[in-house]
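Asks: One structure, pasted below without further comment.
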Amino acid sequence: IDGVEYLYVLAEAKVLVFRIEDTKLHPHAEYDLKYNGKSFDPSAMAIYKINKSRITFLFKSGYTVSMGAVSATVDKGSISVSIRCYIDVSRVKLDGKVRDFTAFTNQGMGYKDGYLFVPITGNDDEETQSHSLILTYDMSQAKGSNKRQPVDEMTFYVISEEYPALFEIEDCGVSDDGKLYFNTNEKTAINVSQARGVIILALRKNNVPIFEYTPL
Numbered sequence: 077i078d079g080v081e082y083l084y085v086l087a088e089a090k091v092l093v094f095r096i097e098d099t100k101l102h103p104h105a106e107y108d109l110k111y112n113g114k115s116f117d118p119s120a121m122a123i124y125k126i127n128k129s130r131i132t133f134l135f136k137s138g139y140t141v142s143m144g145a146v147s148a149t150v151d152k153g154s155i156s157v158s159i160r161c162y163i164d165v166s167r168v169k170l171d172g173k174v175r176d177f178t179a180f181t182n183q184g185m186g187y188k189d190g191y192l193f194v195p196i197t198g199n200d201d202e203e204t205q206s207h208s209l210i211l212t213y214d215m216s217q218a219k220g221s222n223k224r225q226p227v228d229e230m231t232f233y234v235i236s237e238e239y240p241a242l243f244e245i246e247d248c249g250v251s252d253d254g255k256l257y258f259n260t261n262e263k264t265a266i267n268v269s270q271a272r273g274v275i276i277l278a279l280r281k282n283n284v285p286i287f288e289y290t291p292l
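Taken in order, the sequence shown gives residues 77 to 292; the numbers are from the working numbering.
Encoded structure:
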């Protein structure tokens, strides 16, 4: 905004804003989250739209997606949210089969150009290896009580032979050049834990995704 970079952080029913200067973060603004006048504590957040005067956020609580906006010029206030839509994980078409993934762990979300990206993690019915899925939802028709189904050709697995015990994508975001970034919890074995950042280069050709896995 006006040449200044900001970091937006979701923290216990608040959105905290930090101004970025070189390698330092400076507190800039703080917004309370409210739903029907009461404190609202979602599990994930993504920026839907931003300009010099207004910032609009998407929030996810369980499988409910909400939306709220605030003036970009105020340093303290409240964001009143309203339900945008619901997302469905019970009828996901993957590898030609319709599957129910409600038993998987619901993680964070990312948003870019009308699409919502939702990572979920669990063990596949047919394998013992830990899987993460990225479910992609077209938000162009999302409204009110509308339940959105994932876009079949934009839903995919991410697995790791290096971390077979656990490869858990917790959150994701998409950059302007089409890269899908995510952070993970990883385990080579049950009693060993590691964490690192990884990146997926996500390309679409004729609306069909092509994915290349690249560790940061």
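C-beta: ideal position from N, C-alpha, C; glycine also. The structure presented is a predicted model; accordingly, all values stated were derived computationally and were not measured.
Going by DSSP, what residue range makes up the beta strand (DSSP E) through D78?
Replies: Here residue 78 corresponds to residue number 2 of the sequence shown, with the count starting at 1. Looking at the DSSP string, D78 is not in any beta strand (DSSP E), and its letter there is neither H nor E.
Asks: Which residue comes first and which comes last in the beta strand (DSSP E) that contains M230?
Replies: Numbered from its first residue, the sequence shown carries residue 230 at position 154. First-last for M230: undefined, no H or E at that position.
Asks: Please work out which residues of its chain come closer than 6 Å, Cβ to Cβ, to S129, disregarding the five sequence neighbours upstream and downstream, and give them in chain order.
Replies: On the sequence shown, position 53 is the one that residue 129 refers to. Counting only Cβ-Cβ distances below 6 Å, and skipping sequence neighbours, we find A148.
Asks: First and last residue of the beta strand (DSSP E) that includes K255?
Replies: Residue 255 sits at position 179 when you count from the first residue of the sequence shown. First-last of the beta strand (DSSP E) with K255: K255 to A265.
Asks: Who are the Cβ neighbours of A195 in its own chain at under 6 Å, not counting the five residues just before and after it?
Replies: Counting from one through the sequence shown, the residue named residue 195 turns up at place 119. The sequence given here places Pro at residue 195; Ala does not occur at that position. Correct list, in chain order: Q183, S208, I210, I245 and C248.
Asks: Should the stretch 103 to 111 be regarded as contacting the stretch 83 to 92, the criterion being three or more beta carbon pairs within less than 8 Å?
Replies: Touching, per the Cβ criterion.
Asks: With DSSP run on the structure shown, which of helix, strand or coil describes R160?
Replies: On the sequence shown, residue 160 is found 84 positions in, with the first residue counted as 1. Of the three classes helix, strand and coil, the one that applies to R160 here is strand, per DSSP.
Asks: Could you give the C-beta distance for T212 and F243, rounded to a whole number, given that I count them as a contact under 8 Å?
Replies: Residue 212 sits at position 136 when you count from the first residue of the sequence shown. Residue 243 sits at position 167 when you count from the first residue of the sequence shown. About 19 Å separates the two Cβ atoms, so there is no contact after all.
Asks: Whole angstroms are fine: how far does the CA of D78 sit from the CA of I126?
Replies: The sequence position of residue 126 within the sequence shown is 50, counting from 1. The sequence position of residue 78 within the sequence shown is 2, counting from 1. Spanning the two alpha carbons is a distance of roughly 12 Å.
Asks: Keeping to the same chain, check which residues put their C-beta closer than 7 Å to that of E81; ignore five residues upstream and five downstream.
Replies: The residue labelled residue 81 in the question sits at position 5 within the sequence shown. Result list for E81: I96, in chain order.
Asks: Taking the C-alpha atoms as reference points, what is the distance between S166 and G186?
Replies: By 1-based counting over the sequence shown, the position of residue 166 is 90. By 1-based counting over the sequence shown, the position of residue 186 is 110. Straight-line Cα distance between these residues: approximately 20 Å.
Asks: List the DSSP bridge partners of F135.
Replies: As a first step, residue 135 must be located in the sequence shown, where it is residue number 59. Answer is M121 and S142, bridged to F135.
Asks: Considering V243, what are the terminal residues of the beta strand (DSSP E) in which it resides?
Replies: Translated into the one-based positions of the sequence shown, residue 243 becomes position 167. Here residue 243 turns out to be Phe, not Val, going by the sequence shown. Residues L242 to V250.
Asks: How would you call S206, buried or exposed, if buried means at least 16 neighbouring beta carbons within 10 angstroms?
Replies: Indexing the sequence shown from 1 puts residue 206 at position 130. Buried: at least 16 other Cβ atoms inside 10 Å.
Asks: Could you check what DSSP says for S115 in three-state terms: helix, strand or coil?
Replies: By 1-based counting over the sequence shown, the position of residue 115 is 39. Here S115 sits in strand by DSSP.
Asks: Based on Cα-Cα distance, which residue from R175, T181 and A145 lies nearest to G153?
Replies: Taking the sequence shown and counting its residues from 1, the one referred to as residue 153 is at position 77. Looking at the Cα atoms, A145 is the closest of the given residues.
Asks: For V250, which residues in the same chain have their Cβ closer than 6 Å to its Cβ, ignoring the five residues on either side in sequence?
Replies: Mapped onto the sequence shown, residue 250 falls at position 174. Counting only Cβ-Cβ distances below 6 Å, and skipping sequence neighbours, we find G186, K188 and L256.
Asks: If distances are taken between C-alpha atoms only, which option among G113, F180 and M121 comes closest to Y84?
Replies: As a working note, residue 84 is residue 8 in the sequence shown. Nearest of G113, F180 and M121 to Y84, Cα basis: M121.
Asks: Between V168, F135, H104 and G113, which has its C-alpha nearest S119's C-alpha?
Replies: Locating residue 119 in the sequence shown gives position 43, where the first residue counts as 1. The shortest Cα separation from S119 among V168, F135, H104 and G113 belongs to F135.
Asks: Tell me the DSSP secondary structure of L277 in three-state form.
Replies: Here residue 277 refers to the residue found at position 201 of the sequence shown. Reliability fails at L277, whose pLDDT of 47 lies under 50, so the model's placement of it is uncertain and the value that follows must be treated cautiously. It is a strand residue.
Asks: Quick one: using the 10 Å Cβ neighbour count with 16 as the cut-off for buried, is V150 buried or exposed?
Replies: By one-based count along the sequence shown, residue 150 stands at place 74. It counts as exposed.
Asks: Based on Cα-Cα distance, which residue from Y162, V157, A179 and T99 lies nearest to K223?
Replies: Sequence index remark: in the sequence shown, residue 223 carries index 147 (1-based). Measuring from the Cα of K223, the nearest candidate turns out to be Y162.
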